[in-house]
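*Asks:*
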Amino acid sequence: MAWDEWERLKADADSSSSSRMQLNGVPSGKGGEQQGDLKVDQQDLAAVGDSAFKLFTDLGRSGRDAWSSSQSAAKDLTTQEFELGGALDTVQERWEKSLTTLLDACAHISNHMDFTKKAHAGDEYHIASTVSSIATLDKGFDEGTKR
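In case it helps, this note's numbering puts the sequence shown at residues -19 to 127.
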């Protein structure tokens, strides 16, 4: 591609800016600020919270089943001077770190859904409510925990 052709393509792209894709933004709606399109009801919140709690419980119960046998194998392999022992120990450490992160996330989701359900229990429109984004839910949760 010649330099002139490249410059022409750039100029063409600039001139057709009205049809370009816009990222990180939403055009505002009629009458001011646009409402979000995330709609939830109490059943949705309960289902998400229940699923997160079940996952938390199951992972907490079964997520470490292989821990002692993995540690034992890693120790035996290391004692016998196999490099695989250290690698197995590293895998076990990473599994534990990932498992803990996932358990924390499940607990946060479950608690967040419980909080949201209680916070909106008295709303007149509790059958279905609209929020602007997930960030709005997080902000409400964070404000509620500071009290």
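In this text, a Cβ means the ideal position worked out from N, Cα and C, and glycines have one as well.
Please read all numbers here as calculations on a predicted model, not as lab measurements.
1. Taking the beta carbon of Phe62 as the centre, do at least 16 other beta carbons fall within 10 Å, making it buried, or is it exposed?
2. Shortest alpha-carbon distance to Asp84 belongs to which of Ser(-5), Asp56, Lys(-10), Leu39?
3. What separation, rounded to the nearest whole angstrom, lies between the Cα atoms of Phe36 and Glu(-13)?
4. Can you list, in chain order, the residues of its chain whose CB lies under 6 angstroms from that of Ala32, leaving out five sequence neighbours each side?
5. Determine the direct distance from the alpha carbon of Leu79 to that of Asp56, and round the result to whole angstroms.
6. With Glu73 as the anchor, note down where its alpha helix (DSSP H) starts and where it stops.
7. Going by C-alpha to C-alpha distance, which of Asp30, Asp21, Arg44, Leu68 sits closest to Ala53?
8. Where does the unbroken alpha helix (DSSP H) through Gly40 begin, and where does it stop?
9. Just mark Gly134 as buried or exposed, buried being the case when its beta carbon has 16 or more other beta carbons within 10 Å.
10. Pick helix, strand or coil for Trp(-17), following the three-state DSSP scheme.
11. Can you list, in chain order, the residues of its chain with a C-beta nearer than 8 angstroms to that of Thr58? Leave out the 5 residues immediately preceding and following it.
*Replies:* Let me lay it out:
1. exposed
2. Leu39
3. 56 angstroms
4. Cys86, Ile89, Ser90
5. 24 angstroms
6. In this chain, the alpha helix (DSSP H) harbouring Glu73 covers 63 to 99.
7. Comparing Cα positions, the closest option is Leu68.
8. 22 to 42
9. The shown model of the chain, from -19 to 127, leaves out residue 134, and the question about it has no answer.
10. helix
11. Gly65, Gly66, Asp69
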